[in-house]
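439 is the number that this note's numbering gives to position 105 of the sequence shown; each next residue is one higher, with no gaps. Positions of the beta carbon are idealized from the N, C-alpha and C atoms, including for glycine.
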Amino acid sequence: MGQVSTTTAGMLKAAEYLEAMQANVRKGIQDVDTELAVLNAAWTGSASLQFQAAMQAWKDDCQKIHDKLGQMVDMMHGNRKSIMTTEESMTEAARGVVPVGPGLNI
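Structural data, given as structure tokens:
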């Protein structure tokens, strides 16, 4: 696999996008819960129970997606902090480099 790189701003933008997707998943689950409450109040019987079980499996899967998106966001913020720290350290180290010899007095 080839090398992949980005900027700190790019990582922040990607993290914001993932956070928005996580919020969409959360809202989708809440919207379905609201509609299911209405349906479950009026529908009884074995078909209703099977449908509820299927919907619970769907919600569980959606929750896993939601949680994984959150983990990705956390990782991106952690990587961003690490990159910023390294960048600051390298900038500080570069300031200490003293030009030596002809042609290096920039």
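Point to revise | Bounding residues of the alpha helix (DSSP H) (the contiguous stretch that carries Gly344) | key: 342-376
**Study point:** Proximity of Met424 and Ala349 at Cβ, strictly below 8 Å
**Key:** no
Practice item. Leaving aside the five residues before and after Gly362 along the sequence, list all residues of the same chain whose C-beta is less than 8 Å from its C-beta, in chain order. Key: Cys396
Point to revise | Straight-line Cα distance separating Tyr351 from Ala372 | key: Note that residue 372 is Val in the sequence shown here, rather than Ala. Going by the C-alpha atoms only, they are around 32 Å apart.
Exercise for review: Taking only the alpha-carbon atoms, compute the straight-line gap between Arg429 and Glu422 and give it to the nearest angstrom.
Suggested key: 11 Å
Review point. Nearest CA to the CA of Glu353: which residue from Gln405, Ala375, Gly379?
Key: Gln405
Review point. Roughly how far, in whole angstroms, is the beta-carbon of Leu370 from the beta-carbon of Met389, given that I think they are within contact range, below 8 Å?
Key: 6 Å
Review point. What are the boundary residues of the alpha helix (DSSP H) that Gln390 is part of?
Key: Counted as a single uninterrupted DSSP element, the alpha helix (DSSP H) harbouring Gln390 occupies residues 380-429.
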